[in-house]
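Remarks on the structure that follows.
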Amino acid sequence: MDNSNLTVTQEKRIRAIQKIIELIQGEFKGIDITVSFTKKLLEDCIRELDETVYSKSLREMWGNKDWRFSHENKD
Numbered sequence: 372m373d374n375s376n377l378t379v380t381q382e383k384r385i386r387a388i389q390k391i392i393e394l395i396q397g398e399f400k401g402i403d404i405t406v407s408f409t410k411k412l413l414e415d416c417i418r419e420l421d422e423t424v425y426s427k428s429l430r431e432m433w434g435n436k437d438w439r440f441s442h443e444n445k446d
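Be aware that the sequence shown starts at 372, since it is given in our numbering, and climbs by one per residue.
If you want it as structure tokens, here you go:
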């Protein structure tokens with residue numbers, strides 16, 4: 372795992388969080404999703420990252436067109 376440090380401004384962190392929330396809202400367009408649902412979805416995402424791709428960079432992971440969550444059918 373890469374041990375380099377990354378400094379991100381608070382403004383960039385807030386914008387990244389806003390983009391994640393916008394993405395979730397877009398995926399469930401027309402449905403009034405709750406904070407509880409969003410929290411559970413993000414927890415599942417973090418768990419999946421921890422379990423399957425912890426040592427890979429996001430660029431490496433998303434560059435693989437065959438990447439799927441470990442629980443998805445890979446047929």
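Beta carbons: idealized from backbone N, C-alpha and C, even for Gly.
In whole angstroms, what is the alpha-carbon distance linking residue i and residue j?
i	j	result
Gln396	Lys411	14 Å
Thr423	Thr409	21 Å
Cys416	Ile391	12 Å
Ile388	Gly434	22 Å
Leu394	Met432	19 Å
Identify the continuous alpha helix (DSSP H) that holds residue i and give its terminal residues.
i	result
Thr409	Val406 to Thr423
Leu394	Gln381 to Glu398
Excluding five sequence neighbours on each side, which residues of the same chain lie with their C-beta closer than 7 Å to the C-beta of residue i?
i	result
Val406	none
Looking only at its own chain, which residues have a Cβ that is under 8 Å from the Cβ of residue i, when we skip the five neighbours before and after it?
i	result
Leu377	none
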